[in-house]
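Position one of the sequence shown corresponds to residue 131 (the working numbering), numbered consecutively onward. Glycine is no exception: its CB is placed at the ideal position from the N, C-alpha and C atoms. If you're wondering where the values come from, they're calculated on a predicted model, not measured in any experiment. All remarks here apply to the structure that follows.
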Amino acid sequence: MNELIRIAAQSVGAETCVNVHKCPDGMYNKCFVLTMDDGQEVIAKVPNPNAGLPRLTTSEVATIDFARNVLGTPALKLRQVWGSMELVEKMNLCLDVVRYQSAWLSVAFSQFGGLYYTRDIQNFNSQQKGHLYIDENGNKVQNSRFTIGPITSREWLDHGRADLECDRGPWKSVYGYYKAIGLREKLAIPTLDPLPKQTVMVCGPGFYQPDRSKKLSAAEWYLLIFDALLPIESESITTPCLWHDDLHDENIFVDPNNPSKVTGIIDWQSVNLLPLIYHNPDPSLLAMTAQNRKIWTALNLEEKVEAVRQFHEKALFIASRKVMLKKVPKAYDAIEYQQTECFDLLVLARRLFEFGEAHFHALVVELREAWAGLLANNTNTNHTKPFPIDLTEIETDCQKAMRGMQLMSDFKARLGPLWPDKDAVGHEQYQATKSALLALREEIILEFGKAEADKIEIARQWPFDD
131 MNELIRIAAQ SVGAETCVNV HKCPDGMYNK CFVLTMDDGQ EVIAKVPNPN
181 AGLPRLTTSE VATIDFARNV LGTPALKLRQ VWGSMELVEK MNLCLDVVRY
231 QSAWLSVAFS QFGGLYYTRD IQNFNSQQKG HLYIDENGNK VQNSRFTIGP
281 ITSREWLDHG RADLECDRGP WKSVYGYYKA IGLREKLAIP TLDPLPKQTV
331 MVCGPGFYQP DRSKKLSAAE WYLLIFDALL PIESESITTP CLWHDDLHDE
381 NIFVDPNNPS KVTGIIDWQS VNLLPLIYHN PDPSLLAMTA QNRKIWTALN
431 LEEKVEAVRQ FHEKALFIAS RKVMLKKVPK AYDAIEYQQT ECFDLLVLAR
481 RLFEFGEAHF HALVVELREA WAGLLANNTN TNHTKPFPID LTEIETDCQK
531 AMRGMQLMSD FKARLGPLWP DKDAVGHEQY QATKSALLAL REEIILEFGK
581 AEADKIEIAR QWPFDD
């Protein structure tokens with residue numbers, strides 16, 4: 131820590147650090163505000179064991195710099211005022227967010243990967259050759275300060291993937307990027323131990339039973355079909371772009387005197403230059419909750435207040451989509467593609483080592499019927515590429531997997547706010563969540579554990595124990 135403080139002071143030309151203050155942080159770093167003898171403040175991060183590769187933070191800093199100074203995005207809490215804002219204020223805030231999103235899409239980068247300062251990755255064979263990006267006027271722009279290097283997304287680091295010797299980019303084509311995903315999973319499945327427990331479905335006797343051979347077959351299938359899944363007719367949503375995927379109310383800062391104006395966006399740590407179809411075009415703060423279907427006159431006062439809130443929430447979401455269609459049509463096109471099973475297969479392929487293979491297999495079975503209609507498979511008007519996968523004996527396994535996923539989905543609905551979203555809960559909910567999950571495990575064992583061996587196996591594969 132002392133060395134970090136010394137370097138922080140040196141980085142801003144200060145003599146000494148006079149105060150260290152712990153500030154709120156996320157899952158991957160401990161964060162501190164360091165106050166220098168001349169009054170300057172510096173944010174310092176100490177990585178947690180799960181932080182990932184050493185160069186991840188250097189990519190974050192370079193990405194913030196590029197977004198702020200080249201694209202005009204400030205990188206200085208909406209949560210404190212969002213609940214009290216009027217609907218029109220929220221709509222104006224969404225318009226401001228769209229303005230930044232439009233700026234992000236105004237440039238098309240030359241490669242897929244992470245954005246870095248050139249000086250920070252001189253030891254990697256990924257220095258920029260040629261232009262860095264193409265601006266909104268079609269000009270090829272070179273910027274010697276920045277370069278595109280290895281990717282920093284969590285999926286390339288989690289569950290031991292950080293130690294894999296695999297292609298981490300940069301990639302010149304969207305096909306190279308998506309092929310690298312399949313090769314990474316194909317390498318991880320037989321190499322990394324242990325296999326992660328399934329958090330998206332109930333597994334055990336009578337349900338789907340994951341193993342390495344099933345995961346490996348999914349990775350091999352993916353490599354046979356991934357090129358046909360991409361929207362070749364929409365190049366604008368498959369070119370490398372900068373985009374922030376997690377615009378929720380703790381990552382957006384606003385002007386306290388005008389909460390409709392964005393003054394800062396944080397959490398750029400895993401932002402990479404990827405195709406728009408990879409990203410989440412909708413800001414997270416606009417997610418809709420389930421609508422109350424009761425008749426208005428049957429609601430009590432509290433339920434009516436909640437119903438009005440949900441109505442405003444839905445109205446805001448619909449309005450923001452209309453604004454997106456007009457102001458950021460590329461993002462709207464990406465959303466439309468994300469409603470397809472082709473997109474679902476690309477998403478599942480990114481996590482085959484953990485949990486995606488059963489659902490992937492099930493969707494491939496359905497893809498067989500739609501295969502001839504995919505544009506990428508029609509090399510000319512008279513010839514369609516044959517479906518490249520033999521689906522013998524996979525249907526029964528898929529049915530068991532879907533049964534387990536439905537059961538886990540029911541559990542999630544029953545637990546409501548106690549459910550460990552992203553495998554984490556707040557400190558104040560920990561004991562209640564742990565007790566609720568234990569009760570669910572015992573319920574499964576009681577209902578489906580026909581023999582003692584079955585009970586032991588169900589308990590072993592339950593993913594929510596210490």
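Exercise. Using 10 angstroms around the beta-carbon of PRO389, count the other beta-carbons present and answer buried if the total reaches 16, otherwise exposed.
Key: buried
Quiz item: Counting only runs that start and end within the segment 484 to 549, where is the beta strand (DSSP E) found for 3 or more residues in a row?
Solution: 508 to 510
Practice problem: Compare the beta carbon distance of PRO413 and LEU372 with 8 Å and say whether it is the shorter of the two. | Solution: no
Quiz prompt | For LEU416, three-class secondary structure by DSSP | solution = helix
Quiz item: Would a C-beta distance cut-off of 8 Å place THR329 and PHE485 closer than the cut-off?
Solution: yes
Quiz item: Where GLU577 and GLY243 are concerned, what is the direct C-alpha to C-alpha distance, given to the nearest angstrom?
Solution: 48 Å
Quiz item: Which term fits GLU587, buried or exposed, when burial requires 16 or more other beta carbons within 10 angstroms of its beta carbon?
Solution: buried
Quiz item: Between ASP379 and LYS207, is the Cβ-Cβ spacing less than 8 Å?
Solution: yes
Exercise. Would you mind stating whether LEU217 and LEU521 have Cβ atoms separated by less than 8 Å?
Key: no
Quiz prompt | GLU487 versus LYS344: straight-line alpha-carbon distance, rounded | solution = 7 Å
Quiz item: When you compare only the Cα positions, how much space is there between GLY279 and ASN402?
Solution: 10 Å
Practice problem: Tell whether a beta-carbon distance below 8 Å holds between LEU505 and ILE407. | Solution: no
Practice problem: Determine the extent of the alpha helix (DSSP H) in which THR563 is found, giving its start and end residues. | Solution: 560 to 578
Quiz item: Is ASP168 helix, strand or coil by DSSP?
Solution: coil
Self-check item: Beta-bridge partners of THR277, as assigned by DSSP
Solution: TYR246
Exercise. Per DSSP, which residues does CYS147 bridge with? Please list them.
Key: MET166
Quiz item: Do ARG342 and LEU325 come within 8 Å of each other at the CB atom, strictly closer than that value?
Solution: yes
Quiz item: Just reading off the beta strand (DSSP E) that LYS391 is part of, what are its end residues?
Solution: 388 to 395
Quiz item: CB-CB under 7 Å to LYS460, same chain, minus the five flanking residues each way: which ones, in chain order?
Solution: LEU235, SER366, ILE367, LEU406
Exercise. List in chain order: all unbroken beta strand (DSSP E) runs of 3+ residues lying wholly within the segment 307 to 388.
Key: 370 to 372, 382 to 385
Quiz item: Should GLU190 go down as buried or exposed, given a rule of 16 or more other Cβ atoms within 10 Å for buried?
Solution: buried
Quiz item: LEU431 lies in the alpha helix (DSSP H); which residues open and close that run?
Solution: 431 to 457
Self-check item: Inter-stretch contact at 8 Å, needing at least 3 Cβ pairs: the segment 164 to 173 / the segment 135 to 147
Solution: yes
Exercise. Find out if the Cβ-Cβ distance for the pair ALA310, ASP297 is shorter than 8 Å.
Key: yes
Exercise. Assign ASN132 to one of three DSSP states: helix, strand, or coil.
Key: helix
Quiz item: How big is the Cα-Cα spacing for GLY534 and ASP226?
Solution: 42 Å
Quiz item: Looking at the structure shown, is TYR158 part of a helix, part of a strand, or coil, going by DSSP?
Solution: coil
Self-check item: Expected contact under 8 Å - CB spacing of TYR246 and THR277 to nearest Å
Solution: 6 Å
Quiz item: So, do the segment 347 to 359 and the segment 472 to 481 have three or more beta carbon pairs nearer to each other than 8 Å?
Solution: yes
Quiz item: How big is the Cα-Cα spacing for SER141 and HIS557?
Solution: 35 Å
Quiz item: Looking only at DSSP bridge pairs, what is LEU404 linked to?
Solution: CYS371
Exercise. Within its chain, find whatever has a CB closer than 7 Å to the CB of SER274; leave out the 5 residues flanking it on each side and keep chain order.
Key: THR248
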